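Numbering (the numbering used here), first residue to last: 17 to 985. No residue lacks a Cβ here, since even glycine has one placed at the ideal position from N, Cα and C. All values reported here derive from a predicted model rather than from experimental measurement.
Here it is as structure tokens:
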């Protein structure tokens, strides 16, 4: 079902939209239309335009304008949906970051959320109240509330009792005619009932018709015993009598085809603080399925089933239980979780569960435990299965995850017949896992769409699957992933003609012109599920495993400026596809755009790899591309590496000159001159800032006093060159502060020899100059090996990116620390801390996050200040070495949410990277410095144990009750 606009309609629509929406939020260029139009499904539709709505008035205006021009439109939240419900070849409407407001109601019993709030953030807001939202999809760290509600997403623990349908309290909805209904507001409801009398009457008529059709009513009630997101939520027609209640619940799972959910209020559910998990292996699927029935009567919160193929896919992963490699394809495992409000209850629940299973032969087990590392390993088994299939697929194919539900009492038979279909259609890599309590199974397989034969194979396979699930077993073709385009041709097969006609009437009632997300849920094309399939051409080994799920996007610093990691891969794949076709103009256009959008504005920090289910670091691809792009600068880079001392000296000269000129000719004249040159050279010279650092003139020397405690201190080139910003009330550079602090803690500080020529290699690594970077790193490693007495002494690097890269590249057994980890492990016990009575900001750098030290940095900050605020939605500042100078818009975009989160009276921020602190200072309006400054301020040399009123000292570890280490029955 094509939605493509005629050229004259497109031009008129753009003109009309531009009356309110600025051109910066009207995306019409080929590169970004392709990139922004891609979602997690295996369908490809390229929108004619992407419109970014900034507020509710924008949405209403956009809808009214599209309806006036009869232009179909589709809403998109995070784009993590799998069934093709968020793609369009007409108008794609996305939301800016201004849609992230929330309100806690009734001490956390309810929460009001805008559709742009990420699911995990909603739960974080509720944490102090020991509550959470009911839905818990696997994508909760990336997907947004708008998508969660519009798809009725659920998850491992949510079941059917805690999904959006069951926990929604109220909504704000924008309909096809631009009308806004607030179902929580009596006046809004009364006005709507008058203005939309026909819709209200239509809803009443639908309810009455279903009530009179006893067979249909019974079928609806029967089908919603299971998880079911196939088609519209027909249970709303029998569960509620008030048309507003019916309308509200019809919106849940409607996938943007009935209206726009502008706000939703949830009834929250309890988040139990104590949890325990166990892994139980049975001889076969039948035994495991019978055990599921028994477990359903016990206090379990989740039961995840994994078939033999799924277990084998992860059997050789690091940290797996010893028995995993010996399991056969016949075996079946259950991962069981129980939750409680206190430790004793948790223990008794675990005993009850195991007692219930006493009659079953459990072949292998990891007994119930709440020990964090073991629990993490157990759930890592389950979460690692989808990536395991993706990791072994051939380049050019995609990974498909289907989502069905069988009646629990017939679960084993359904699984056996599903496995038989895998063999029949030669999907030998296919695995099955899922939420067994609801009979909800996911099956994962690889599929290519590059030939008619492969498309035909997939089509026939899906025909067979739908017959098996919907007809033979009377199950659900979609249990939690939404109908989309993927199951639209089969909705009538599952529900029957009479139910399908009810769905058509619902669609017509809410969307009489058929403009809201056409082709989704209701689709007359029987081949819609094998139409508009996304090409996945081989591009580069670094990214070929990407399934374009979008999990990476939430942490990407450039996502609002240019492209996200997913979108970079989309464009790079298209460029590689164009290598084999004769479209030189299109390729040249995409390549030119990609040079800036993809390469120049990527921070290349690798945070995307932390979120990627298959571990792809898009930054590695970008650095590889930069190798070629910056090849002509290699001789200059080699010279700077060889004469590094000269480079750092010249940097100090430049900073001193800037300070003198700023004082002499004034900020306005200096800024105009330098920034004019920057513009003239197209970013080849740095942008000027009025709070540039001053030069570091401190003469760094090893300690003169000897001590039994020794540490090697390696200050980064940035710390050696730069002091604090112009106008700062702190005149000591970081190197001086660090020396003072270390000596106060009783350390003899050793400064490596030939320090001025040393560099970790980061300035070269970020530009793809790997050879030069590694050479500098190896030379530094040799120097530190000698300085540390061949690895006997700890090494402190005062900047976290340097520490991270050195840990990755060093081959000698050297103990390298960034500031927070060194303080917590080696210095805190030798200092007395008196926290300052103030609120401070804390920026956790991307390198700190990647090293797993975010909590460590936070612990140190909390030991030093009464209140510490870590601003949300800033995972990386985007300064990225020198990009804050040469591509300053990246830094600005990444920290855009910062300033508004700084509370009144807060005047200081801290971090552990000198370059990051430059950008944070510039954009926040407060001074950011190393965490070592704060520790230096609040600490004194440790007093004797007999001193009265000794300040509280931070603890670096927490002990757990003995039973949490696990028990066996």
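Tell me the DSSP secondary structure of residue i in three-state form.
i: residue 62; result: coil
i: residue 25; result: helix
i: residue 365; result: helix
i: residue 147; result: strand
i: residue 34; result: coil
i: residue 20; result: coil
i: residue 353; result: strand
i: residue 478; result: helix
i: residue 957; result: strand
i: residue 226; result: helix
i: residue 381; result: strand
i: residue 925; result: strand
i: residue 265; result: helix
i: residue 96; result: coil
i: residue 48; result: helix
i: residue 75; result: helix
i: residue 348; result: strand
i: residue 970; result: Because the pLDDT of residue 970 is 37, which lies under 50, any placement of that residue in the model is unreliable, and the question is left without a value.
i: residue 463; result: strand
For residue i, which residues from the same chain have a beta carbon less than 7 Å from its beta carbon, with the 5 sequence-adjacent residues on both sides left out?
i: residue 473; result: 441
i: residue 1027; result: Outside the shown range of the chain, which is 17 to 985, sits residue 1027, and nothing can be said about it.
i: residue 903; result: 616, 617, 699
i: residue 664; result: 733, 736, 737, 772
Please identify the residue among the options whose C-alpha is closest to the C-alpha of residue i.
i: residue 479; options: 448, 434, 189, 685; result: 434
i: residue 141; options: 129, 686, 224; result: 129
i: residue 838; options: 578, 928, 885; result: 928
i: residue 425; options: 501, 466, 310; result: 310
i: residue 748; options: 780, 713, 765; result: 713
i: residue 259; options: 522, 677, 432; result: 522
i: residue 266; options: 241, 316, 167; result: 167
i: residue 134; options: 901, 155, 144; result: 155
i: residue 313; options: 369, 774, 355; result: 369
i: residue 60; options: 461, 271, 832, 551; result: 551
i: residue 446; options: 457, 432, 462, 49; result: 462
i: residue 418; options: 944, 56, 738, 933; result: 56
i: residue 725; options: 805, 818, 228; result: 805
i: residue 20; options: 30, 62, 32; result: 62
i: residue 775; options: 842, 794, 750; result: 794
i: residue 711; options: 673, 727, 721; result: 673
Name, in chain order, the residues that DSSP records as bridge partners for residue i.
i: residue 234; result: Residue 234 pairs with nothing; no bridge assigned.
i: residue 128; result: 119, 281
i: residue 709; result: 741
i: residue 109; result: 67, 91
i: residue 244; result: For residue 244, which the question treats as bridged, DSSP gives no partner whatsoever.
i: residue 293; result: 353, 385
i: residue 458; result: 419, 449
i: residue 833; result: 812
i: residue 171; result: 152
i: residue 857; result: 885, 925
Under 8 Å by Cβ, that's how I've got residue i and residue j pegged, so tell me the actual separation to the nearest angstrom.
i: residue 448; j: residue 371; result: Contact doesn't hold; Cβ gap of about 28 Å is too wide.
i: residue 577; j: residue 94; result: Actually they are not in contact, since the Cβ atoms of residue 577 and residue 94 sit about 18 Å apart, beyond 8 Å.
i: residue 101; j: residue 500; result: 4 Å
i: residue 757; j: residue 874; result: Not a contact, Cβ separation roughly 19 Å.
i: residue 242; j: residue 450; result: Contact flag wrong, Cβ pair sits at about 12 Å.
i: residue 353; j: residue 537; result: The Cβ separation is near 33 Å, so there is no contact.
i: residue 414; j: residue 58; result: 5 Å
i: residue 268; j: residue 181; result: 5 Å
Below 6 Å CB to CB, which residues in the same chain sit around residue i once its five sequence neighbours on both sides are set aside?
i: residue 510; result: 246, 486, 493
i: residue 211; result: none
i: residue 452; result: 308, 319, 321
i: residue 132; result: 111, 115, 116, 160
i: residue 305; result: 427, 428
i: residue 610; result: 587
Whose C-beta lies closer than 8 Å to the C-beta of residue i among residues of the same chain, with five residues either side of it excluded?
i: residue 22; result: none
i: residue 621; result: 573, 635, 862, 863, 866, 892, 896
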